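Peer 1: In the working numbering, the protein residues as written are 216 to 725.
Beta carbons: idealized from backbone N, C-alpha and C, even for Gly.
Computed from a predicted structure; not experimentally measured.
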Ligand SMILES: Cc1cc2nc3c(=O)[nH]c(=O)nc-3n(C[C@H](O)[C@H](O)[C@H](O)COP(=O)(O)OP(=O)(O)OC[C@H]3O[C@@H](n4cnc5c(N)ncnc54)[C@H](O)[C@@H]3O)c2cc1C
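1. What does the alpha-carbon distance come out to for the pair residue 351 and residue 436?
2. In terms of alpha-carbon separation, which member of 299, 312, 272 lies closest to residue 289?
3. Based on the DSSP secondary-structure assignment, which residues constitute the bridge partners of residue 466?
4. Per DSSP, which residues does residue 531 bridge with? Please list them.
5. Checking 8 Å against the spacing of the C-beta atoms, do residue 272 and residue 620 come in under that value?
6. Give me, in chain order, the residues of the same chain whose beta-carbon lies closer than 6 Å to that of residue 256; leave out the 5 immediate sequence neighbours on both sides.
7. Do residue 500 and residue 492 have their C-beta atoms closer together than 8 Å?
8. Would you call residue 248 buried or exposed, if buried means 16 or more other Cβ atoms sit within 10 Å of its Cβ?
9. Is residue 285 near ligand 1, judged by its Cβ being under 7 Å from some heavy atom?
10. For residue 428, which residues does DSSP report across the bridge?
11. Using a Cβ-Cβ cutoff of less than 6 Å, which residues in the same chain neighbour residue 640 once the five nearest sequence positions on both sides are dropped?
12. Are residue 626 and residue 282 close, meaning C-beta to C-beta below 8 Å?
13. Who does residue 444 pair with in a DSSP beta bridge?
14. Can you find the residues in the same chain that come closer than 8 Å, C-beta to C-beta, to residue 735, ignoring five residues on each side of it along the sequence?
15. What's the gap between the Cα of residue 421 and the Cα of residue 413?
16. For residue 264, which of 310, 690, 461, 614 has the nearest alpha-carbon?
17. According to DSSP, what are the bridge partners of residue 473?
18. Would you call residue 588 buried or exposed, if buried means 16 or more other Cβ atoms sit within 10 Å of its Cβ?
19. Roughly how many whole angstroms lie between the Cα atoms of residue 578 and residue 431?
20. Measure the C-alpha to C-alpha separation of residue 525 and residue 280 and round it to an integer number of angstroms.
21. Can you tell me which of the three DSSP states residue 667 falls into?
22. Using C-beta distances below 7 Å, list every residue in its chain close to residue 573, excluding the 5 sequence neighbours before and after it, in chain order.
23. Please confirm whether any heavy atom of ligand 1 lies closer than 7 Å to the CB of residue 564.
24. Is any non-hydrogen atom of ligand 1 found closer than 7 Å to the C-beta of residue 652, if you look at the structure I gave you?
25. Which residues bound the beta strand (DSSP E) around residue 409?
26. Give a yes or no on contact between the stretch 605–613 and the stretch 447–465, applying the rule of three or more CB pairs nearer than 8 Å.
27. Do residue 302 and ligand 1 come close, with the Cβ less than 7 Å from some heavy atom?
28. Which term fits residue 527, buried or exposed, when burial requires 16 or more other beta carbons within 10 angstroms of its beta carbon?
29. State the DSSP-derived secondary structure class of residue 328, mapped to helix, strand or coil.
30. Output yes or no for whether 8 Å exceeds the beta carbon distance between residue 354 and residue 403.
31. If you scan the stretch 270–326 from start to end, which runs of the alpha helix (DSSP H) of 4 or more residues do you find wholly inside it?
32. Residue 530 and residue 558 look like a contact to me (Cβ under 8 Å); what is the Cβ gap, rounded to whole Å?
33. Does the Cβ-Cβ distance between residue 299 and residue 455 come in under 8 Å?
34. At what residues does the beta strand (DSSP E) containing residue 635 begin and finish?
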């Protein structure tokens, strides 16, 4: 049976009523998923598309946790190959291909990346990197991703390298290496697309639902101030860095990764990502990634986080200084604090059974699926890129039904896109795929919705209205932080806030 993919305010009310009546009727659902990041959304989609009756409970909002703080790459796992984690690299290459070809081609684009070879770099080091990229090419080919999507890597002359990244220090540049990987339009939008696709198979996606206790057969949840018991046949916990709170035998070692946002013009609008090897740290790189809307994303750190897990982590001044320093080493004009227009940090959910020791960058990124004594299955670790495979493994632990997601397009991936849409809608095609025509129709008779929410800000009014009407957003924060990402650049958020609030006031109570 096919359901609407829209997460409307009315649907949330119906889903809450369904939960409240479960106990009265003495019935139970097949599966409760705890956590609405990419992993939980992926599990909900996997299970619902197998025909199971699914409820997803998320404490705050879709993509509230780590899933919105990633580098927004769908990567082939080259780094894992270098560390000898061949299985992780293979899984990444396969899932990247699936996402780019069938599952979410509207949200994942090919991205060129350039590794500059500077005077003073060892010839041996460059040869090892070239060999690594060629191994990545092989992995891509074996994984079935065509070269027209992700072309072969190749060596570049210094002049060609400057053509891709014009801000490099030409005097010190000897040559470059060009390769290709996948770039996500927006990590939080991927989560929303997966969750809505799950909803189209009947999954009940309920945000603002904090789970306060669970066993393998029941979940206690606090929703809008009411405590509700949800009887269920199985529970899958997909709460990322909070995994220990559901299974204390697990050990989570959160590792913080921070990013800085720069204006693309500061680096003369690079056409490729810049990858800079970190001296004396084998296999570690800093990068500057071209992002949509004239932004660049520079990162990334890897530091241990002692003590309590913050709900929203923040970059430290020393992380910020480190990123700027690493990137500046290859630029003609070093970047400084004044160039930073936004910043964010995320916590990698690196999970082991028992106590973990050693530096966080050495812990395997492979995911973990584990059932505790009460029957709760935990899925944790992994990456955005491999969310589908993680979900498959987790649902296999509770169901014999066959997984059908390997070729299943997400909402917006199928059907007609740009051809007949007006010019002002090109951003919508990028972010909503084939659903862009719905947003265009919504904005047709309303100039406020067709316009950007502030001068020099790319977000259109209709994105605010659509977030509330169809994407499960329930507040100003949901809209600016996780549906439109306005908050990534605080100056843009400040400029846009009055218009966003104006549209919200009209939309919420319609
Ligand atoms: C800095 C950084 C960069 C990264 N870059 C990439 C990249 O480029 N590509 C890539 O593939 N991967 C990347 N990753 C990895 C990837 O982002 C994570 O593996 C992934 O997002 C984890 O998702 P998750 O759903 O498991 O956890 P989360 O996204 O943290 O989701 C967990 C959810 O559970 C909810 N929750 C917690 N407790 C409860 C409760 N009691 N009741 C209800 N809900 C609860 C939280 O609110 C949260 O929304 C990166 C990670 C980091 C940190």
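Peer 2: Put simply:
1. Taking the chain shown and counting its residues from 1, one reaches residue 351 at position 136. Taking the chain shown and counting its residues from 1, one reaches residue 436 at position 221. Rounded to the nearest angstrom, the two C-alpha atoms are 45 Å apart.
2. As a working note, residue 289 is residue 74 in the chain shown. Minimum Cα distance to residue 289 is reached at 312.
3. If you number the chain shown from 1, residue 466 lands on position 251. Partner(s): 567.
4. By 1-based counting over the chain shown, the position of residue 531 is 316. None, per the DSSP bridge assignment.
5. What you label residue 272 is simply residue 57 of the chain shown in a count that begins at 1. What you label residue 620 is simply residue 405 of the chain shown in a count that begins at 1. Going by C-beta atoms, residue 272 is not nearer than 8 Å to residue 620.
6. In the chain shown, the residue the question calls residue 256 occupies position 41. Contacts found: 406, 409, 410.
7. Position 285 of the chain shown, counting from 1, holds the residue named residue 500. Position 277 of the chain shown, counting from 1, holds the residue named residue 492. In this structure, residue 492 lies closer than 8 Å to residue 500 by Cβ.
8. Your numbering for residue 248 matches position 33 in the chain shown. Residue 248 comes out buried.
9. Working through the chain shown from its first residue, we reach residue 285 at position 70. Under cutoff, so the answer is yes.
10. Taking the first residue of the chain shown as position 1, residue 428 is located at position 213. Answer is 435, bridged to residue 428.
11. As a first step, residue 640 must be located in the chain shown, where it is residue number 425. Closer than 6 Å at Cβ, skipping near neighbours: 651, 655.
12. As a working mapping, residue 626 is identified with position 411 in the chain shown. As a working mapping, residue 282 is identified with position 67 in the chain shown. Going by C-beta atoms, residue 626 is not nearer than 8 Å to residue 282.
13. As a first step, residue 444 is located in the chain shown; it is residue number 229 there, counting from the start. Its beta-bridge partners are 435.
14. In the structure displayed, the chain extends from 216 to 725; residue 735 sits before or after that span and is not available.
15. Here residue 421 is taken as the residue at index 206 of the chain shown, counted from 1. Here residue 413 is taken as the residue at index 198 of the chain shown, counted from 1. When rounded, the distance between both Cα atoms is 12 Å.
16. Against the chain shown, residue 264 aligns to sequence position 49. The shortest C-alpha separation from residue 264 is found at 614.
17. Locating residue 473 in the chain shown gives position 258, where the first residue counts as 1. DSSP, once it has assigned bridges, lists 560 as partnering residue 473.
18. By one-based count along the chain shown, residue 588 stands at place 373. With fewer than 16 other Cβ atoms within 10 Å, it is exposed.
19. Looking up residue 578 in the chain shown gives position 363. Looking up residue 431 in the chain shown gives position 216. For residue 578, the predicted model reports a pLDDT of 39, less than 50, meaning its position is unreliable and no value from the coordinates is stated.
20. For the purposes of this step, residue 525 is identified with residue 310 of the chain shown, where counting begins at 1. For the purposes of this step, residue 280 is identified with residue 65 of the chain shown, where counting begins at 1. Cα to Cα, residue 525 sits roughly 10 Å from residue 280.
21. Looking up residue 667 in the chain shown gives position 452. In the structure shown, residue 667 sits in a strand (DSSP, three-state: E or B).
22. Reading the chain shown from its first residue, position 358 is the one you call residue 573. With a pLDDT of 42 at residue 573, under the threshold of 50, the modelled position of this residue cannot be trusted; read the value that follows with caution. Excluding positions up to five away in sequence, the list is empty.
23. By one-based count along the chain shown, residue 564 stands at place 349. Result yes, Cβ under 7 Å from ligand 1.
24. In the chain shown, residue 652 corresponds to position 437, counting from 1. It does not: the Cβ of residue 652 is nowhere closer than 7 Å to a heavy atom of ligand 1.
25. Sequence index remark: in the chain shown, residue 409 carries index 194 (1-based). That residue, residue 409, is in no beta strand (DSSP E); its alpha helix (DSSP H) goes 402–414.
26. yes
27. As a first step, residue 302 is located in the chain shown; it is residue number 87 there, counting from the start. Answer for residue 302: no, Cβ out of range of ligand 1.
28. By one-based count along the chain shown, residue 527 stands at place 312. Residue 527 is exposed by the Cβ-count criterion.
29. In the chain shown, the residue the question calls residue 328 occupies position 113. Note: residue 328 maps to strand in three-state DSSP.
30. As a working note, residue 354 is residue 139 in the chain shown. As a working note, residue 403 is residue 188 in the chain shown. It is not a contact, given that the beta carbons lie outside the stated cut-off.
31. 293–297, 301–313
32. For the purposes of this step, residue 530 is taken as residue 315 along the chain shown, with counting starting at 1. For the purposes of this step, residue 558 is taken as residue 343 along the chain shown, with counting starting at 1. The Cβ separation is near 5 Å, so the contact holds.
33. Walking along the chain shown from the start, residue 299 turns up at place 84. Walking along the chain shown from the start, residue 455 turns up at place 240. Cβ distance not < 8 Å, so residue 299 and residue 455 don't count as in contact.
34. Against the chain shown, residue 635 aligns to sequence position 420. Note, residue 635: premise wrong, no beta strand (DSSP E); not H, not E.
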